[in-house]
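Order-wise, the sequence lines are chains A and B.
Residues 1 to 454 in this note's numbering are what the first sequence spells out, letter by letter.
Residues 1001 to 1101 in this note's numbering are what the second sequence spells out, letter by letter.
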Amino acid sequence: MINFNEVMETNAMIEQENLDVRTITLGISLLDCIDSNLEELNRKIYEKITKTAEKLVSTGVEIEKDFGIPVVNKRISITPAALVGSAACKTKEDFVEIAKTLDRAAKTVGVNFIGGFSALVSKGMTKADRLLIESIPEALAVTERVCSSINVGSTKTGINMDAVKLLGEIVKDTAEHTKEKDSLGCAKLVIFCNAPDDNPFMAGAFHGVTEADAIINVGVSGPGVVKKALEKARGKDFETLCETIKKTAFKITRVGQLVAKEASKRMNIPFGIVDLSLAPTPAVGDSVAEILQEIGLEYPGAPGTTAALALLNDQVKKGGVMASSYVGGLSGAFIPVSEDQGMIDAVQAGCLTLEKLEAMTCVCSVGLDMIAIPGATSAATISGIIADEMAIGMINQKTTAVRLIPVIGKKVGDIVEFGGLLGYAPVMPVNEFSCEAFVNRGGRIPVPIHSFKN
Amino acid sequence: MIYTKGKAGKVMNKTIITVVGKDQVGIIAKVCTYLAESKVNILDISQTIVSGYFNMMMVVDTNESPKEFAAVSAELEKLGEEIGVIIKAQREEIFNMMHRI
């Protein structure tokens, strides 16, 4: 039987160390909604989402009560909208209509985000893909809960540099469209290389075409729990450090597995994966940066940061993999800037730069995430940053992503408030030397040699 | 969900109740009275005092209770507020999942 100390340990994790289930994300295929008539398409999309996700929020609340663990977000991901809308959408305004429908459906079922206003263009763009991408600035400005992601590269296809160039302009344009809200639209737009089909985390979640009709994916979190456990390993060697992270990651992921199985059973929707990520929030004690500090760095960004993050990411995976029957999504440590108080502090202390963050993305699960840059940054520079990040993903066979926010009207050192889980961020300097001639070449970067494994 | 068979071969829904707060007279009595009234069977109790703070864990079976789990949980929380301690009721599975392979 379970003993007193074990119960107290679990409850201390929940109450004092911010252990929570970050998201139950319901993936819904919209392929069966495809119609050449836009109105009919919108009707079918709204109906399918509201019907499938009818019990999502109430199930999340029930689970929260039964197990005494917070389920912070309930969310939906859908089939990339560029595919769903390709037959019906003749203009970018048509895609904006789909975004509005998604927003309406999200509000009806009570989820805070719906992801999948997406296009997969890692090798080339269809007409619909291009229209969807062009509709993003407007779509993210007129909707509240819709999230967009574009996959512009992969280890198997190379990098679509035409899309990278276009997205530099789109990111700027999205910032411009939401400039009165500190360019918040850009916080809902992620550009990927090797995007996973089953990622439950926003803003990059979409329901891949390889997935079933509906699926439950769960994202766990708990950087605070890892930090607390590591306090007991202060001054100890790397073996002790790594074992502590592994054991803690196992415990955290088990909770995710339980919640995923329960949600699946209660909603009668198959269980997909548990994403065993360390996802920080702006709350004190819920920070990946604090783990890095506990490992022995004054601030993230100091020499040693990449090594510390690499071992953290690897141990989280090693501990988590055995705890769940199916692991997927992004799985690793997230290093967003605005959503992590420790990262914000590191930037403000002058320790953490964009270039160091880029190095860190080589060894962790995502990329340049939630980074505010000056509004005056050129579209070509943004494309250049995207290209760099995509190259890291392509060559290292991993997911990388870019979520930059060029905040219109703001300059280096200013503070930008996004609110809620998105947090706040100091505007970071960007290398201003030109990459325009590089970005303007057009075409694509060929697939890397190590993809020829056949 | 993990079920264990009870005495009469019935499926048992085990719940863990934890009570934490400043020690005072009658905490156990009040919690147990509520549980008896709600037809919740107590299977195990362990309790300690750590520097004046009362810590108790109970393993209970809610199967015979006419009340929904959510109602028992909410009422216990309210009772805790009246006594001045924190009472939580959670299904056992979360602890089993975390601490047992």
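Every residue gets a Cβ at the ideal spot worked out from N, C-alpha and C, and that includes glycine.
- When C-alpha distances from Val-146 of chain A are compared across A:Tyr-424, A:Glu-134, A:Val-152, A:Val-111, the shortest belongs to A:Val-111.
- Here Ile-1049 of chain B is exposed, its C-beta having fewer than 16 other C-beta atoms within 10 Å.
- Contact residues of the segment 202-231 of chain A toward chain B are absent (C-beta to C-beta distance below 7 Å).
- Under the three-state reduction of DSSP output, Gln-257 of chain A falls in the helix class.
- Bridge partners of Gly-158 of chain A according to DSSP: A:Ser-154.
- Assignment of beta-bridge partners to Ala-82 of chain A by DSSP yields no partner.
- Residue burial is scored here from C-beta neighbours: Thr-1033 of chain B has fewer than 16 other C-beta atoms within 10 angstroms and is therefore classed as exposed.
- For Thr-1018 of chain B, the enclosing beta strand (DSSP E) has its first and last residue at 1014-1022.
- Between the beta-carbon of Glu-176 of chain A and that of Ser-29 of chain A there is about 34 Å, and that puts the pair past the 8 Å contact cut.
- Residue pairing by DSSP places Ser-77 of chain A opposite A:Gly-27, A:Gly-115 in a beta bridge.
- Annotation: Ser-383 of chain A is outside any beta strand (DSSP E); the continuous alpha helix (DSSP H) that includes it extends over 379-396.
- The residues Pro-280, Thr-281, Pro-282, Met-370, Leu-421, Leu-422, Gly-423, in chain order, have a CB closer than 7 Å to that of Glu-339 of chain A in the same chain once the five nearest residues on each side in sequence are set aside.
- Under the three-state reduction of DSSP, Asn-1055 of chain B is assigned to strand.
- Counting the other Cβ atoms within 10 Å of the Cβ of Gly-185 of chain A gives 16 or more, which makes it buried.
- DSSP places Phe-201 of chain A outside both helix and strand once states are collapsed to three, so it counts as coil.
- In this structure, the CA atom of Gly-60 of chain A is about 29 Å from the CA atom of Leu-41 of chain A.
- When C-beta distances to chain B are compared with 8 Å, the residues of the segment 46-80 of chain A below that value are Glu-62, Lys-65, Asp-66, Phe-67, Gly-68, Ile-69, in chain order.
- When Cβ-Cβ separations below 8 Å define contact, Arg-145 of chain A makes no contact with chain B.
- In this chain, the alpha helix (DSSP H) harbouring Ala-289 of chain A covers 288-295.
- Between the segment 198-210 of chain A and the segment 115-130 of chain A there are three or more C-beta pairs closer than 8 Å, enough to call the two in contact.
- Looking at the backbone, the Cα of Asn-73 of chain A and that of Ala-437 of chain A are separated by about 43 Å.
- Chain A places no beta carbon closer than 8 Å to that of Phe-1054 of chain B, leaving this residue out of the contacts.
- By the neighbour-count criterion, in which 16 or more other beta carbons inside 10 Å mark a residue as buried, Phe-201 of chain A falls on the buried side.
- Within 10 angstroms of the beta-carbon of Val-284 of chain A lie fewer than 16 other beta-carbons, which makes it exposed.
- Counting the other CB atoms within 10 Å of its CB gives Met-1 of chain A a total below 16, which places it among the exposed residues.
- Neighbours of Phe-4 of chain A across chain B, judged by C-beta separation under 8 Å: Ser-1046, Thr-1048, Asn-1055, Met-1057.
- By the 16-neighbour rule on beta-carbons within 10 angstroms, Gly-384 of chain A is buried.
- It is roughly 8 Å from the alpha-carbon of Ala-195 of chain A to the alpha-carbon of Ser-154 of chain A.
- Residue pairing by DSSP puts Phe-192 of chain A in a beta bridge opposite A:Asn-151, A:Ala-401.
- Per DSSP, reduced to three states, the secondary structure at Lys-1067 of chain B is coil, with no helix or strand assignment.
- DSSP, reduced to helix, strand and coil, places Pro-303 of chain A outside both helices and strands of the structure shown, so it counts as coil.
- Between the alpha carbons of Thr-353 of chain A and Cys-362 of chain A lies a gap of roughly 15 Å.
- For Gln-315 of chain A, no chain B residue has a C-beta closer than 8 Å to its own C-beta; the minimum C-beta separation is roughly 18 Å.
- By the CB criterion at 8 Å, Lys-165 of chain A and Val-439 of chain A fall inside the cutoff.
- Scanning B:Asn-1055, B:Ile-1086, B:Val-1025 for the CA closest to the CA of Gly-68 of chain A turns up B:Ile-1086.
- For Gly-342 of chain A, there is no enclosing beta strand (DSSP E); the residue is part of the alpha helix (DSSP H) that begins and ends at 341-348.
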